[in-house]
Amino acid sequence: MIASYHPTLSEYLAHNPGVEGHGPWPRVHLVTDTWLALISRLPLSRWDLLAEWADGDKVMAAIRDDSDGAVAVLSLTTQDGRFPSLSHGWPSASRLERTIADLSGLTADSLGDTRPWLDHGTWPVQHPLGAATAHKPGALPLPYAFLPVDSEGTHQIPVGPVHAGIIEPGHFRFTCFGEAVVRLEDRLGYTHKGTETLMAGADLERAARLAGRISGDSTVAYALAFARAVEAATGTVIPPRAHWVRAVMAEMERIANHFGDIGAICNDVAFSLMHAHCGWLRERVLQAAAACFGHRLMMDRVVPGGVSCDLDDAGTQRLRDLVRQLRPRFEELVTLYDSTPSLQSRMLTAGVVQPEWVRQWGTGGFVGRATGRSFDARRSPGYEPYSQLDFTVPVRNEGDVNARVMIRIDEVHQSLSLIERLLQAMPPGPIHTAIVSADAPNSGNRHGEGVALVEGFRGDVFVSVRLNANGTIARCHLRDPSWFQWPLLMAAIKDCVVADFPLCNKSFNCSYSGPDL
Amino acid sequence: MLKLLLGSLLRRPPTLRTPVADPSAQEALERRLETRERPCLGRSLAIRQVDAGSCNGCELEIHALNNVVYDLERFGIRFVASPRHADALLVTGPVTTNMREALKRTYDATPDPKWVVAVGDCAVDGGVFRGSYAVTDGVANTIPVDLHLPGCPPAPEPLLSGLLALLEAGAEKTRD
Ligand code: SF4
Numbered sequence: 001m002i003a004s005y006h007p008t009l010s011e012y013l014a015h016n017p018g019v020e021g022h023g024p025w026p027r028v029h030l031v032t033d034t035w036l037a038l039i040s041r042l043p044l045s046r047w048d049l050l051a052e053w054a055d056g057d058k059v060m061a062a063i064r065d066d067s068d069g070a071v072a073v074l075s076l077t078t079q080d081g082r083f084p085s086l087s088h089g090w091p092s093a094s095r096l097e098r099t100i101a102d103l104s105g106l107t108a109d110s111l112g113d114t115r116p117w118l119d120h121g122t123w124p125v126q127h128p129l130g131a132a133t134a135h136k137p138g139a140l141p142l143p144y145a146f147l148p149v150d151s152e153g154t155h156q157i158p159v160g161p162v163h164a165g166i167i168e169p170g171h172f173r174f175t176c177f178g179e180a181v182v183r184l185e186d187r188l189g190y191t192h193k194g195t196e197t198l199m200a201g202a203d204l205e206r207a208a209r210l211a212g213r214i215s216g217d218s219t220v221a222y223a224l225a226f227a228r229a230v231e232a233a234t235g236t237v238i239p240p241r242a243h244w245v246r247a248v249m250a251e252m253e254r255i256a257n258h259f260g261d262i263g264a265i266c267n268d269v270a271f272s273l274m275h276a277h278c279g280w281l282r283e284r285v286l287q288a289a290a291a292c293f294g295h296r297l298m299m300d301r302v303v304p305g306g307v308s309c310d311l312d313d314a315g316t317q318r319l320r321d322l323v324r325q326l327r328p329r330f331e332e333l334v335t336l337y338d339s340t341p342s343l344q345s346r347m348l349t350a351g352v353v354q355p356e357w358v359r360q361w362g363t364g365g366f367v368g369r370a371t372g373r374s375f376d377a378r379r380s381p382g383y384e385p386y387s388q389l390d391f392t393v394p395v396r397n398e399g400d401v402n403a404r405v406m407i408r409i410d411e412v413h414q415s416l417s418l419i420e421r422l423l424q425a426m427p428p429g430p431i432h433t434a435i436v437s438a439d440a441p442n443s444g445n446r447h448g449e450g451v452a453l454v455e456g457f458r459g460d461v462f463v464s465v466r467l468n469a470n471g472t473i474a475r476c477h478l479r480d481p482s483w484f485q486w487p488l489l490m491a492a493i494k495d496c497v498v499a500d501f502p503l504c505n506k507s508f509n510c511s512y513s514g515p516d517l
Numbered sequence: 518m519l520k521l522l523l524g525s526l527l528r529r530p531p532t533l534r535t536p537v538a539d540p541s542a543q544e545a546l547e548r549r550l551e552t553r554e555r556p557c558l559g560r561s562l563a564i565r566q567v568d569a570g571s572c573n574g575c576e577l578e579i580h581a582l583n584n585v586v587y588d589l590e591r592f593g594i595r596f597v598a599s600p601r602h603a604d605a606l607l608v609t610g611p612v613t614t615n616m617r618e619a620l621k622r623t624y625d626a627t628p629d630p631k632w633v634v635a636v637g638d639c640a641v642d643g644g645v646f647r648g649s650y651a652v653t654d655g656v657a658n659t660i661p662v663d664l665h666l667p668g669c670p671p672a673p674e675p676l677l678s679g680l681l682a683l684l685e686a687g688a689e690k691t692r693d
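As structure tokens, then:
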């Protein structure tokens, strides 16, 4: 068979002019035929779906071409509130389109699964981002039609939404044959707070606070993605130093979370020594964050236009000392991890993720990188200051719990040295510049729409904003990396024993609040 | 592993010195006890944490209470897996409409007498999410709350002081 030529995303879109005022990547408005033609290309392409959301009567899809890293946003005006589903090319679109139906009331034609996703029937409105019609909520959440299981000898274990530990709420429905898991299905949406609706009409300050509370563990990543999207939408160039201070915070958030995760994963196989030590390392990072930036999780420190607090000389010294102290301690723990066979025996070959899955779902973060997908948003599409720094993206191929731990270990090393270099080469100067709204005099050539892709500790966070002329938010959509990780956890646990679920779950450490919005 | 254990033995423990019970929390609890009976729980407290729709920031800091620095268990306070084993519920989040029923049922499953502590600005009054169609603006709109510990998120040290106040309020009767 002769391999046919497949155009890149940029080549494919070359004849469609981009919409005015969208940055930093083009937004191309398609007609239904082109949208359909695009869907037919998906199985042959290496294009990943970054996000799909609705804005008014339009449906939007952000796409990244994995062959060259090009990103584009596609939009389509829906006809009578309907649009052709993308779920046949990208299985990951299914939940996104169910969410679009819940929040905006636009329906995807030929979507296989039309069960409500975030809407549990308890809201006083329907389609809050669309027509927002009043609705009498039920006294109890609506029952959910879990996928049927048709075989003799299986039993079900329902778990949640209130779990046994200090974790976020969600429901898991295990179908088991003896000890083996035949199917696991998740039902989420319990933490839905209507954040995108709160954002509509909000000023930038309030919207940034909300963005930083989509998923608290990734507050820096979200605030950064939101700020970058606003800056792209307004054509704002921020002072160089702000990029560097942002990166220091982002890397601190990454190591703090990785320490927490490594300890928690080991704790789930009853190796609490590791948990205790990692917990302390994490605590030291948070204490340093509080000392340098005035908040342990560094909430509200990254703002549109720059950062809200500078790193002074004492802070720089404190962070240098921190890195110097953490390194040998962490090294000891890595040696301990490597030389404890009882740990390895539980982690190796547990919860294996297949390479096709991460490709199909466009899964990022340590889940993707532990299964051979090297994507890291700091690299591609890349952003300041990482484009000026030399670093490698660790990748492994085994796809098991151990690989996800090892990726985190490598990333901690990487981030420690990144922090050192960031502190070393940080340029002096201002840390903030004002965002000028389009209706201000001399606003110049402002865009109005912007998107951003930022690498959080868990994976890539995508944010899109459309601004009103007065600078408030018209529409903001935030896509958590866990949208594309949860379904893989469900698949990876198949045929494992039930007792391996907590371990696998921890190794994914998906966010609930992030995708629940 | 031996080296690591030995090192831990020889180094100074990183544990925080016992903080004092939060006076404002003590006051709030005394006021509250004018209208409710005093749970007589002695000097230990079993806590069931319920996330009623938080952003997970509050969970991170509650988790930190268990680390070696704050070491909650040295005070006789520990987290339990079931509401049936709990003396107190520690609730975070603005209480989403989707979590409201689960929170009510968890409350009902907790044996009397029990404390309810609302942790974080969201749990106090909805915080940044106040007014959304999908939240109910704080824990007190669903179940009675004995103590509010505000903050976004509250840092572990004030959390610990608040819980110590709660511990003392429950131990009071035993001392009489
Ligand atoms: S109080 Fe703050 S940290 Fe806690 S759940 Fe609410 S937004 Fe998150």
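One line per chain: the protein sequences are A and B, in this order. For the first sequence, position 513 matches number 513 in our numbering, and the numbering has no gaps at all. Take any residue in the second sequence, count from 1 to its spot, add 517: that is its number in our numbering. Cβ atoms here follow ideal geometry from the backbone N, Cα and C, with glycine treated the same way. Remember, predicted model here, so these are calculated numbers, not experimental data.
**OP:** Determine whether the Cβ of Asn615 (chain B) lies closer than 8 Å to any Cβ atom of chain A.
**Re:** yes
Original post:
What's the call for Ile157 (chain A), buried or exposed, on a 16-neighbour Cβ count within 10 Å?
Top reply: exposed
**OP:** Just the C-alpha distance for Glu674 (chain B) and Pro536 (chain B), rounded to the nearest angstrom, thanks.
**Re:** 8 Å
Subject >> Neighbouring residues (CB closer than 6 Å to any heavy atom of ligand 3) >> reply: Looking for ligand 3 in the displayed structure turns up nothing; the ligands present are ligand 1.
Original post:
Between which two residues does the alpha helix (DSSP H) harbouring Ala88 (chain A) extend?
Top reply: Residue 88 (chain A) is actually His in this sequence, not Ala. Unbroken run through His88 (chain A): none, as it is neither H nor E.
Original post:
Leaving out the 5 sequence neighbours to the left and right, which residues in its chain are closer than 6 Å to Glu685 (chain B) when beta-carbon positions are compared?
Top reply: Ala538
**OP:** Verify the CB distance criterion: does Phe596 (chain B) have a CB-CB separation below 8 Å to chain A?
**Re:** yes
**OP:** Please classify Met274 (chain A): does DSSP put it in a helix, a strand, or coil?
**Re:** helix
Subject >> Spatial neighbours of Ser561 (chain B) in its chain, beta-carbon cut-off 6 Å, leaving aside the 5 residues before and after >> reply: Gly593
Original post:
Does Cys557 (chain B) have its Cβ less than 8 Å from a Cβ in chain A?
Top reply: no
Subject >> Under 9 Å by beta carbon: chain A residues contacting Ile579 (chain B) >> reply: Ile166
**OP:** Could you spell out where the beta strand (DSSP E) holding Glu449 (chain A) opens and where it closes?
**Re:** 449 to 455
Original post:
In terms of residues, what are the limits of the alpha helix (DSSP H) holding Pro158 (chain A)?
Top reply: Taken as a continuous stretch (DSSP letters only), Pro158 (chain A) belongs to no alpha helix (DSSP H), being part of the beta strand (DSSP E) at 155 to 159.
**OP:** Please state whether DSSP places Ser561 (chain B) in a helix, a strand or coil.
**Re:** coil
**OP:** Name, going along the chain, the residues of the region 646 to 677 of chain B whose beta-carbon falls closer than 8 Å to a beta-carbon of chain A.
**Re:** Phe646, Gly648, Ser649, Tyr650, Ala651, Val652, Cys669, Pro670, Ala672
**OP:** Could you pull out every residue in the same chain whose Cβ sits closer than 8 Å to the Cβ of Arg284 (chain A), ignoring the five residues on either side in sequence?
**Re:** Leu322, Gln325, Leu326
Subject >> DSSP-derived helix/strand/coil call for Met1 (chain A) >> reply: Any reading at Met1 (chain A) must be qualified, since the residue scores a pLDDT of 41, below 50, and its modelled position is unreliable; the value itself is stated next. Of the three classes helix, strand and coil, the one that applies to Met1 (chain A) here is coil, per DSSP.
**OP:** Compare the C-beta of Lys193 (chain A) with all C-beta atoms of chain B and state if any pair is closer than 8 Å.
**Re:** yes
Original post:
Once you ignore the five residues that flank Arg301 (chain A) on each side, which residues in its own chain have a CB closer than 8 Å to its CB?
Top reply: Val220, Ala223, Met249, Phe293, Gly294, His295, Val307, Ser308, Cys309
Original post:
With 16 other CB atoms within 10 Å as the buried threshold, where does Met274 (chain A) fall?
Top reply: buried
Original post:
Looking at the structure shown, is Phe596 (chain B) part of a helix, part of a strand, or coil, going by DSSP?
Top reply: strand
Original post:
With 16 other CB atoms within 10 Å as the buried threshold, where does Glu11 (chain A) fall?
Top reply: exposed
Subject >> Arg692 (chain B) classed as buried or exposed, judged by whether at least 16 other C-beta atoms fall within 10 angstroms >> reply: Legend: pLDDT at Arg692 (chain B) = 46, less than 50; position of this residue unreliable, value from coordinates given subsequently. It is exposed - the Cβ of Arg692 (chain B) has fewer than 16 other Cβ atoms within 10 Å.
**OP:** Taking 8 Å as the cut-off, decide whether the C-beta atoms of Arg82 (chain A) and Asp55 (chain A) are in contact.
**Re:** no
Original post:
If you pair each beta-carbon of the region 574 to 582 of chain B with each one of the region 210 to 218 of chain A, do three or more pairs fall below 8 Å?
Top reply: yes
**OP:** Answer with buried or exposed for Thr609 (chain B), where buried requires no fewer than 16 other C-beta atoms within 10 angstroms of its C-beta.
**Re:** buried
Original post:
Among residues of its own chain, excluding the 5 on either side of Gly212 (chain A), which ones have a beta-carbon nearer than 7 Å to its beta-carbon?
Top reply: Thr219, Tyr222, Ala223, Met299, Asp300
Original post:
Met60 (chain A) lies in the beta strand (DSSP E); which residues open and close that run?
Top reply: 58 to 65
Subject >> Through-space distance from Leu676 (chain B) to Arg548 (chain B), alpha-carbon basis >> reply: 19 Å
**OP:** Kindly provide the ranges of any alpha helix (DSSP H) runs that are 4 or more residues long and lie completely inside the region 73 to 143 of chain A, ordered along the chain.
**Re:** 93 to 104
**OP:** Give me whichever residues DSSP pairs with Ser345 (chain A) in a beta bridge.
**Re:** For Ser345 (chain A), which the question treats as bridged, DSSP gives no partner whatsoever.
Subject >> Contact belief for Gly429 (chain A) with Pro137 (chain A) at Cβ below 8 Å, rounded distance in angstroms >> reply: Contact doesn't hold; Cβ gap of about 52 Å is too wide.
Original post:
Ala51 (chain A): buried (16+ other C-beta within 10 angstroms of its C-beta) or exposed?
Top reply: buried
Original post:
If you check the beta carbons only, do Cys504 (chain A) and Cys510 (chain A) fall under 8 Å apart?
Top reply: no
Subject >> Residues that Gln566 (chain B) bridges to, as DSSP identifies them >> reply: B:Leu607
Subject >> Residues near Asn267 (chain A) by beta carbon distance below 6 Å, same chain, minus five either side >> reply: His275
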